[in-house]
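Chains A and B are the protein sequences, given in the same order. Following this note's numbering, the numbering of the first sequence begins with 3 at its first residue and continues without gaps. Following this note's numbering, the numbering of the second sequence begins with 657 at its first residue and continues without gaps.
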Amino acid sequence: MKHLITIADLDRAAAIELLDTSERMAATQERQMRKLPALLGSTIVNLFMEDSTRTKLSFEAAAKRLSADVIGFAAKGSSISKGESLKDTALTLRAMGADAVVVRAPSSGAAHKLAHAGWIDVPIINAGDGTHQHPTQALLDAFTLRRHLGARSASGSLDGAGLDGLHVVIVGDILHSRVARSNVQLMTMLGARVTVVAPPSLVPVGADVWPCEVSYDFDDAIAQGPDAVMMLRVQRERMLGGGYFPSAAEYTRLLQLTDARAARLPEHAIIMHPGPMNRGFEIAGGAADGPRSVIIEQVAAGVVVRMAVLFHLLASNEREGS
Amino acid sequence: MPASEKTVLHEEDIHRSLVRIAHEILETGHGADDLVLLGIPHRGTPLAQRLGRIILEADGAGRSLEDLVGSLDITMHRDDLRRRPARVPYETVIPGGGVDGRIVVLVDDVLYSGRTIRAALDAIGAIGRPAAVRLAVLVDRGHRELPIRADHVGKNLPTSRSERVSVHLRETDGEDAVRIVGGADAEQGESR
Chain A
3 MKHLITIADL
13 DRAAAIELLD
23 TSERMAATQE
33 RQMRKLPALL
43 GSTIVNLFME
53 DSTRTKLSFE
63 AAAKRLSADV
73 IGFAAKGSSI
83 SKGESLKDTA
93 LTLRAMGADA
103 VVVRAPSSGA
113 AHKLAHAGWI
123 DVPIINAGDG
133 THQHPTQALL
143 DAFTLRRHLG
153 ARSASGSLDG
163 AGLDGLHVVI
173 VGDILHSRVA
183 RSNVQLMTML
193 GARVTVVAPP
203 SLVPVGADVW
213 PCEVSYDFDD
223 AIAQGPDAVM
233 MLRVQRERML
243 GGGYFPSAAE
253 YTRLLQLTDA
263 RAARLPEHAI
273 IMHPGPMNRG
283 FEIAGGAADG
293 PRSVIIEQVA
303 AGVVVRMAVL
313 FHLLASNERE
323 GS
Chain B
657 MPASEKTVLH
667 EEDIHRSLVR
677 IAHEILETGH
687 GADDLVLLGI
697 PHRGTPLAQR
707 LGRIILEADG
717 AGRSLEDLVG
727 SLDITMHRDD
737 LRRRPARVPY
747 ETVIPGGGVD
757 GRIVVLVDDV
767 LYSGRTIRAA
777 LDAIGAIGRP
787 AAVRLAVLVD
797 RGHRELPIRA
807 DHVGKNLPTS
817 RSERVSVHLR
827 ETDGEDAVRI
837 VGGADAEQGE
847 SR
């Protein structure tokens with residue numbers, strides 16, 4: 003694995019290796035001295051061409067905990083056409099001596115282009131590209147889910163465990179969600195059964211060939227007793243004039259994780275949300291803050307999972323064949 | 657062409673070495689009260705467990721094995737990290753009492769360049785500040801590249817750099833034996 007662009011860059015063994023390493027990273031973060039020297043002397047560029055809070059902060063924290071230098075590159079405001087600006091940016095980063103680039107872009111495929119266009123020859127990590135993929139988000143979701151419901155060995159270790167036999171329901175704007183795409187791929191690869199729930203207008207064309215079930219009925223999915231429910235953000239801006247669904251009230255009635263719906267989940271089930279949340283829209287405040295909610299844990303998991311990804315992509319120069 | 661192979665320590669030799677090291681540790685540490693044994697994965701961990709059991713039999717001092725023995729992963733502190741494929745780090749288990757103010761005995765199977773131990777000293781520094789750090793190894797094969805020595809050695813084994821010392825332990829390899837494997841093709845081996 004040289005880059006992490008999509009979940010398809012991983013196989014089950016590589017994904018589990020990243021989750022196991024994340025557990026080790028998490029253990030080091032409980033110590034007084036949380037900084038590790040593994041990437042000392044490396045320079046990691048955070049190239050964020052789209053707004054982000056959690057992803058940007060946690061990539062930065064992850065890099066710094068591994069002793070790498072971090073350069074933040076805000077490419078916002080550029081009016082040059084996408085392809086050219088990305089190329090110029092890549093050439094600049096190469097000149098600056100970047101050892102890896104973490105890229106968040108509004109256009110799908112930007113990370114792939116950066117990795118394979120030949121402009122810069124360093125590991126590229128996709129931190130979300132358009133509506134395509136957000137692999138580290140899926141990894142942190144899998145990490146959180148595995149911590150709660152994964153099969154532990156007799157000694158309590160999660161090493162080598164997948165998500166086998168778990169049932170995950172992903173609810174909301176599947177059409178625009180790179181989080182959903184990455185999660186469907188990763189969680190099924192790790193042995194989970196995934197059901198996506200959305201109104202028909204928010205299910206992408208071609209979702210019928212995804213390795214998951216597609217449902218239009220949230221209550222029916224809850225009745226199946228899922229192990230985890232992942233609520234996706236409704237992008238309010240897309241509703242205005244977009245006609246994706248008739249009204250906010252109808253969306254809320256049919257698809258909000260209300261306190262009542264949360265109460266019908268099995269006792270062990272967890273509630274997830276990648277953030278940022280629209281409280282009172284796709285998720286009720288009570289469900290978001292209740293004891294089943296692992297939403298804050300997901301944020302903490304983001305740091306250790308990204309440490310693991312940076313470690314595996316950067317700690318070894320082996321790929322240079324030296 | 658199979659490399660030449662010679663068994664230099666058998667099961668009973670390994671056991672005898674560990675018993676002697678355990679007693680040396682007790683003598684230099686004036687009992688087991690402040691001791692913490694930290695095995696360096698992969699094979700230092702079971703060796704530390706064995707030493708811990710022998711120490712508890714000889715001078716329990718009310719300690720439990722969990723409270724006496726842990727393991728210390730050094731992956732993040734290696735100076736050759738970039739030259740090897742990245743792998744999942746091993747687990748670090750620090751006994752509940754921590755290492756501050758205690759006597760930490762690092763335990764490893766083979767002492768060679770000394771670089772592993774240097775990394776281990778850094779790794780301990782990230783966890784706490786022991787009163788003292790000592791080093792116990794089953795085999796010292798020489799060829800040090802750093803000013804590091806062991807306090808307790810099971811067996812001094814003069815080797816050439818082209819040879820490889822291969823330690824097999826019941827817990828990790830299904831048998832107890834230390835072998836010298838000859839031949840230039842066996843390089844690297846325990847250099848890590």
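For glycine and all other residues, C-beta sits at the position ideal for the given N, C-alpha and C.
Expected contact under 8 Å - CB spacing of residue i and residue j to nearest Å
i: Tyr230(A); j: Leu147(A); result: The question names Tyr, but residue 230(A) in the sequence shown is Ala. Contact flag correct, Cβ pair sits at about 6 Å.
i: Gln139(A); j: Arg183(A); result: With 8 Å as the limit, Gln139(A) and Arg183(A) do not qualify as a contact, their Cβ atoms being about 10 Å apart.
i: Leu724(B); j: Ala779(B); result: Contact doesn't hold; Cβ gap of about 19 Å is too wide.
i: Arg734(B); j: Ala775(B); result: 5 Å
i: Ile7(A); j: Ala117(A); result: 6 Å
i: Val635(B); j: Ser727(B); result: Since the first and last residues shown for chain B are 657 and 848, residue 635(B) lies out of range.
i: Ala209(A); j: Leu168(A); result: About 21 Å separates the two Cβ atoms, so there is no contact after all.
i: His314(A); j: Met3(A); result: 7 Å
i: Leu791(B); j: Ile773(B); result: 6 Å
i: Leu38(A); j: Thr30(A); result: 6 Å
i: Asp807(B); j: Arg771(B); result: Their Cβ separation, rounded to whole angstroms, is 18 Å, which puts Asp807(B) and Arg771(B) out of contact at 8 Å.
i: Val664(B); j: Leu813(B); result: 6 Å
Test item: CB-CB of residue i and residue j under 8 Å
i: Ala286(A); j: Ile273(A); result: no
i: Ile730(B); j: Ala678(B); result: no
i: Ser24(A); j: Val307(A); result: yes
i: Arg699(B); j: Asp765(B); result: yes
i: Phe220(A); j: Leu256(A); result: yes
i: His270(A); j: Leu160(A); result: no
i: His178(A); j: Met233(A); result: no
i: Leu267(A); j: Ala144(A); result: no
i: Leu68(A); j: Leu41(A); result: yes
i: Val834(B); j: Ile681(B); result: no
i: Gln300(A); j: Glu284(A); result: no
i: Gly810(B); j: Leu674(B); result: yes
i: Val126(A); j: Val105(A); result: With the sequence shown as reference, residue 126(A) is identified as Ile, and Val is not the correct amino acid for it. Yes, the Cβ-Cβ distance between Ile126(A) and Val105(A) is below 8 Å.
i: Pro206(A); j: Thr190(A); result: no
i: Gly292(A); j: Ala264(A); result: yes
i: Glu722(B); j: Pro697(B); result: no
i: Pro745(B); j: Glu827(B); result: no
i: Lys115(A); j: Leu88(A); result: yes
i: Val789(B); j: Glu661(B); result: no
i: Leu316(A); j: Ala102(A); result: yes
Range covered by the alpha helix (DSSP H) that runs through residue i
i: Leu12(A); result: From DSSP, Leu12(A) is part of no alpha helix (DSSP H); its letter is neither H nor E.
i: Leu674(B); result: Glu667 to Thr684
i: Arg67(A); result: Arg56 to Arg67
i: Leu693(B); result: Looking at the DSSP string, Leu693(B) is not in any alpha helix (DSSP H); the run it does join, the beta strand (DSSP E), is Leu691 to Gly695.
i: His314(A); result: Ile297 to Leu316
i: Arg738(B); result: Counting along the chain, Arg738(B) falls outside any alpha helix (DSSP H), and DSSP gives it neither H nor E.
Any non-hydrogen atom of the ligand ZN within 7 Å of residue i CB
i: Val198(A); result: This structure lacks the ligand ZN; in fact it carries no ligand of any kind.
N- and C-terminal bounds of the beta strand (DSSP E) containing residue i
i: Asp131(A); result: Ile126 to Asp131
i: Gly718(B); result: First-last for Gly718(B): undefined, no H or E at that position.
i: Ala286(A); result: Ala286(A) -> no beta strand (DSSP E), and no H or E assigned at all.
i: Ala833(B); result: Ala833 to Val837
i: Arg820(B); result: Arg820 to His824
i: Gly798(B); result: Premise fails: Gly798(B) is in no beta strand (DSSP E) and is neither H nor E.
i: His808(B); result: His808 to Asn812
i: Val47(A); result: Thr45 to Phe50
i: Asp71(A); result: Asp71 to Ala76
i: Val749(B); result: Looking at the DSSP string, Val749(B) is not in any beta strand (DSSP E), and its letter there is neither H nor E.
i: Gly152(A); result: First-last for Gly152(A): undefined, no H or E at that position.
i: Ser727(B); result: Val725 to Ser727
Proximity to residue i [Cα-Cα], best of the options
i: Arg820(B); options: Tyr768(B), Asp756(B) and Glu747(B); result: Tyr768(B)
i: Ala302(A); options: Glu252(A), Phe75(A) and Leu141(A); result: Leu141(A)
i: Gly120(A); options: Pro108(A), Arg106(A), Asp90(A) and Ala144(A); result: Asp90(A)
i: Asn48(A); options: Leu38(A), Ala64(A), Asp175(A) and Gln34(A); result: Ala64(A)
i: Gly132(A); options: Lys37(A), Met309(A), Ala112(A) and Val216(A); result: Ala112(A)
i: Thr197(A); options: Asp101(A), Arg106(A), Ala10(A) and Gly174(A); result: Gly174(A)
i: Met27(A); options: Ile759(B), Leu674(B), Arg672(B) and Glu747(B); result: Glu747(B)
i: Gly304(A); options: Gly292(A), Gly282(A), Ser295(A) and Gly277(A); result: Gly277(A)
i: Ile804(B); options: Leu762(B), Ser816(B) and Gly830(B); result: Leu762(B)
i: Ala200(A); options: Thr254(A), Ile9(A) and Ala10(A); result: Thr254(A)
i: Val72(A); options: Gly43(A), Arg96(A), Ala97(A) and Ser54(A); result: Gly43(A)
i: Gly244(A); options: Phe75(A), Ala317(A) and Leu204(A); result: Leu204(A)
i: Ala251(A); options: Gln226(A), Gly282(A) and Gly74(A); result: Gly282(A)
Contact with chain C by residue i, beta-carbon distance below 8 Å
i: Arg738(B); result: Absence of chain C from the displayed structure is noted, the protein chains being A and B.
- Query: Which residue spans inside the stretch 766-794 of chain B form an unbroken alpha helix (DSSP H) run of at least 4?
  - Reply: Runs found: 771-781.
- Message: In chain order, what are the residue ranges of uninterrupted alpha helix (DSSP H) at least 4 long that sit wholly in the stretch 173-220 of chain A?
- Response: Here the runs fully enclosed are 180-191.
- Message: Ignoring anything shorter than 4 residues, give me the alpha helix (DSSP H) runs that lie fully in the stretch 95-149 of chain A, in order along the chain.
- Response: Segments of the alpha helix (DSSP H) lying fully in the stretch 95-149 of chain A: 112-118.
- Message: As an exercise, report each continuous alpha helix (DSSP H) stretch of at least 4 residues that is fully enclosed by the stretch 222-282 of chain A, in chain order.
- Response: Runs of the alpha helix (DSSP H) inside the stretch 222-282 of chain A: 238-241, 250-257 and 261-265.
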